[in-house]
Every structure is written in structure tokens, then in C-alpha cells.
Amino acid sequence: MSLSANDSVDTPETASTLRVDEVTGSHIFKIMRYSVQMGIKKGKFLESATFNVGGYEWSIHYYPNGQKSADEDCTSIFVVLKSKDEHVKAQISFIMLDQNRNPLSERQTTEVYTFSVDTSDNFGYGDFVKRSIFESVLKDDCLIIRCTVSVFKDFPVEPDFPLLVPPPLAIEQLSNLLEAGYGADVTFQVKGELFIAHKCILAMRSQVFQAQFFGELKEKSGDVIKIEDMEAPVFKSLLHFIYSDTIPEFQEINESEKNRLAQHLLAAAERYNLDRLKAICENILYGSIDKSNVVALFSFADMHNCVHLKRACLKYLASPEILGEVVATKKLKVSLEL
Numbered sequence: 001m002s003l004s005a006n007d008s009v010d011t012p013e014t015a016s017t018l019r020v021d022e023v024t025g026s027h028i029f030k031i032m033r034y035s036v037q038m039g040i041k042k043g044k045f046l047e048s049a050t051f052n053v054g055g056y057e058w059s060i061h062y063y064p065n066g067q068k069s070a071d072e073d074c075t076s077i078f079v080v081l082k083s084k085d086e087h088v089k090a091q092i093s094f095i096m097l098d099q100n101r102n103p104l105s106e107r108q109t110t111e112v113y114t115f116s117v118d119t120s121d122n123f124g125y126g127d128f129v130k131r132s133i134f135e136s137v138l139k140d141d142c143l144i145i146r147c148t149v150s151v152f153k154d155f156p157v158e159p160d161f162p163l164l165v166p167p168p169l170a171i172e173q174l175s176n177l178l179e180a181g182y183g184a185d186v187t188f189q190v191k192g193e194l195f196i197a198h199k200c201i202l203a204m205r206s207q208v209f210q211a212q213f214f215g216e217l218k219e220k221s222g223d224v225i226k227i228e229d230m231e232a233p234v235f236k237s238l239l240h241f242i243y244s245d246t247i248p249e250f251q252e253i254n255e256s257e258k259n260r261l262a263q264h265l266l267a268a269a270e271r272y273n274l275d276r277l278k279a280i281c282e283n284i285l286y287g288s289i290d291k292s293n294v295v296a297l298f299s300f301a302d303m304h305n306c307v308h309l310k311r312a313c314l315k316y317l318a319s320p321e322i323l324g325e326v327v328a329t330k331k332l333k334v335s336l337e338l
């Protein structure tokens, strides 16, 4: 008998990260005596001082009478990348203020613009705002332009560490520990056969063993624990399950003997409060129900409180033909009520 389960395969996983940092800075360009600057010809600009954002040099170009003929009724504003680089990714916004820092006009975008040798080294708006809109409300003949630059820097792709995550503890490692016997600190004698094991592992898996080894009535250290009411192969299978969470395969025994051992192992599982093992054995017996054993299995299920198996026996006996055959060959003396 064996536990059917799909073995999970742990595949080593690697990872890498592309990191992008954002650096933001603003520059205030104040133009005093704005009306005097209106005499500048179209296409000519006033330039701010150079300022640094993200390690790059920038400046503001302000065209009071527009940059091009199409912009002659507007003012034009651009930010210029002064540093020479292959490409710089940035997000730009402009706001025009009066001397009291009241906003007159604003232009901003979510677009990330790339400055490079293959494209223009400036970004802005030729038609930023019509002069008639702000000149009438300009205070103290002072104009303020604030330019905000957000530079985005890509860093080289780097592997995340640790590169390889070791696989989790394999259940085979505990099984090997049982077979090798390293560190064993308890010995069982079952019908004359000796078995060694580890108290901590047994206690971890079974509350009964926990009380036996570490409770108020714990066994004395060094004593051999004798178990007379269990067969040695059954106890060996019990230990195998505790260390491996599976039950061994019995390749060389017939179906009848396999079912007998399953019943004994189920009783042992109930004794040591191993619910999963009990359920596995119950499922094995569930698949073996036939006319020859249904009465005995029903009685066994009733004795060990195996509701699943007991109902399966009742369902099997629900057929009048099968029930008639069973009654004819056996004395059905068990209660057929759950």
C-alpha cells in the first residue's frame, strides 16, 4: 500500500531588477522690468542662469515675442540641456507667476521626453501663453518663470541576491535519518524486534508520544519501551510514516494481507493520534470492499469510528441482491445504523 501524491519539483529561481531613479529640481527665472524686455525681436530669447538637476546642466530660454512667426502673439518658453550626453530622459513643467507668486499660466505634461544628439536638445512650448492674457494682470512689471525638471536615470540591470535559493527540507532527509539512526535516543521493543528513533521527531508528530516523552509521566531515560500488542511490521510502517509522511509499499504480499495490515496500521494511527495516517488507511480499506469482507469492515469501522468507511459499507449493502448474498453466507449481527 502506498500514498498517491504528485511529487513537487523545486525549480531554482533567479531574478534581476532594472532600477530607475528620479531626481527632481526647480529653477526660478525672475525677469524684472518686463516691459523693457518687450523690445526684443521675435526669435530672440532671454536666458536664465545655468542650473543643475540630476547631474546635468540646464537653462531656461524665454522668448517674449515668440520663437517663430506662428507664435508672434505668444510668449515661448523652453528648457535647454546644456550638458552633452547621448540621451537624457526627463519630464518638464513650466509655470508663469507674477511678483506675488500668483499663477498666470501653467503647462505640464506626463510625457517623458528624451534629449539626445539625434533630437533637439530643448523642450518647451512655442505658444506657451498669449501675451494679452497675462500682461494686463502683471504686477510691478515683474515676471517669474518656474521650471521643474525631473530626470530619470536607468541603472544597469543587476541580479537580485541570493541568486539561487536552496530547496526546502526534503522529507527524504528525515527518512534517511531514521534509517541511519544518527542521534537516536529512544528504543522500542516490539514482539522481540528492536527499533530506534528520535524522541523530538516522534513528539513533534504525535501528541501521544509528546506526553510519553516530555509529559508529567514521561518514560525514564534509557529505558527500552516495550510494545506487546502490536506487530513489528505495523510499528515499522508507523515509524516510516512519522518520518516520511507516507506509508511503505508492500509489493510482496497479496491483497488480503495488505488489507489486514492496513487495519492494524489504522488502529495504530488511532492509538497515537495520527489523523492523516488513519485517513490514508481508511481510504485503502474503502477501495477493498467486496462481498467477502463488507461485514467485517463494517464492524471494524464501527469499532474505530471510521465514518467514511462505515457509510461506504452501508452503501455497498444497499443493493438488495448483494445484501441477500451476504445474509445467506454470513450471520449479519452488526447494527446497520450510523
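One point on numbering: in the UniProt record's numbering, the residue at position 254 of the sequence shown is 254, and numbering is uninterrupted.
By construction, the Cβ of each residue, glycine as well, lies at the ideal position given by its N, Cα and C atoms.
Compare the Cα-Cα distances from residue i to each of the options and report the closest residue.
| i | options | result |
| --- | --- | --- |
| Y182 | I133, E321, A197 | A197 |
| R205 | F155, L277, S35, D154 | L277 |
| K153 | L174, D141, H87 | H87 |
| E255 | L238, L266, I227, I289 | I289 |
| M137 | L97, V208, S319, H27 | Contrary to the premise, residue 137 reads as Val rather than Met in this sequence. Of L97, V208, S319, H27, the residue nearest in Cα terms is L97. |
| C313 | E325, D302, D121, F298 | F298 |
| K218 | K199, P233, I40, D245 | K199 |
| I40 | E72, E172, Q99 | E72 |
| R19 | I201, F155, R107, D140 | F155 |
| L174 | F123, D245, G192 | D245 |
| Q99 | T109, G192, R107, E135 | E135 |
| S105 | K139, I28, K130 | K130 |
| K116 | D85, G66, I242, V295 | The sequence given here has Ser at residue 116, not Lys. Residue D85 is the option with its Cα nearest to S116. |
| E270 | A296, I201, G192, M230 | M230 |
| L265 | N176, S237, Q37, T110 | S237 |
| H27 | D21, Y34, S48 | S48 |
| F78 | Y243, E216, F123 | F123 |
| Y243 | L177, I253, T109 | L177 |
Near residue i, what residues of its chain come up, given a Cβ to Cβ distance below 7 Å and the 5 sequence neighbours on each side ignored?
| i | result |
| --- | --- |
| A262 | M1, C281, I284, L285 |
| L163 | Bear in mind that a pLDDT of 49 at L163, under 50, signals an unreliable position, so the model cannot answer this. |
| F214 | A203 |
| I322 | K291, Y316 |
| F300 | Q263 |
| H308 | E282, Y286 |
| K82 | T50, E57, W58, S59 |
| E325 | K291 |
| A184 | I196, A197, H198 |
| N45 | The sequence shown places Phe at residue 45, rather than the Asn named in the question. So the qualifying residues of the chain are H61, Y62, Y63. |
| K139 | D98, Q99, N100 |
| L3 | Confidence is the limiting factor: at L3 the pLDDT is only 40, short of 50, which leaves the residue's position unreliable, though a coordinate-based value still follows. Cβ within range, chain order: T246, I247, I280. |
| E232 | Note on identity: in this sequence residue 232 is Ala, with Glu being the wrong assignment. Same-chain partners within the cutoff: V190, K191, E193. |
| Q37 | I31, L46, P64 |
| K310 | F298, A301, D302, L338 |
Counting only the same chain and skipping the five closest in sequence on each side, list residues whose C-beta sits under 6 Å from that of residue i.
| i | result |
| --- | --- |
| Q210 | A203 |
| C306 | E282 |
| V53 | G25, V149, V151 |
| K30 | I144 |
| M32 | C142 |
| K89 | V112, T114, F152 |
| S319 | none |
| V23 | G54, V151 |
| F241 | I247, L277 |
| G66 | K42, E72, C74, S76 |
Within the same chain, show all residues whose beta-carbon is closer than 8 Å to that of residue i, passing over the 5 residues directly before and after it, in chain order.
| i | result |
| --- | --- |
| V224 | T187, F188, Q189, L194 |
| P103 | I95, M96, L97 |
| I133 | L104, S105 |
| D275 | A269 |
Give me the DSSP bridge partner(s) of residue i.
| i | result |
| --- | --- |
| E257 | The partner list for E257 (beta bridge, DSSP) is empty, contrary to what the question assumes. |
| K153 | D21 |
Assuming residue i contacts residue j (C-beta within less than 8 Å), just tell me the rounded distance between them.
| i | j | result |
| --- | --- | --- |
| I95 | R146 | 5 Å |
| F235 | I227 | 6 Å |
| H304 | A268 | That pair is no contact at about 11 Å. |
| Y125 | S76 | 7 Å |
| V80 | D121 | 6 Å |
| V208 | N273 | 5 Å |
Runs of 3 residues minimum, wholly inside the UniProt domain "BTB" (184–251): which ones carry the beta strand (DSSP E) assignment? Counting whole runs of 3 or more residues, the UniProt domain "BTB" (184–251) contains the beta strand (DSSP E) stretches 186–190, 193–197, 224–227.
May I have a chain-ordered list of the beta strand (DSSP E) segments no shorter than 3 residues that lie completely inside the UniProt domain "MATH" (24–149)? Considered as a whole, the UniProt domain "MATH" (24–149) harbours 51–53, 56–63, 74–81, 87–97, 103–108, 113–116, 122–130 as its complete beta strand (DSSP E) runs of no fewer than 3 residues, in chain order.
Beta strand (DSSP E) runs contained entirely in the segment 272–331, provided each spans 3 or more residues: Within the segment 272–331, no run of beta strand (DSSP E) reaches 3 residues while sitting entirely inside it.
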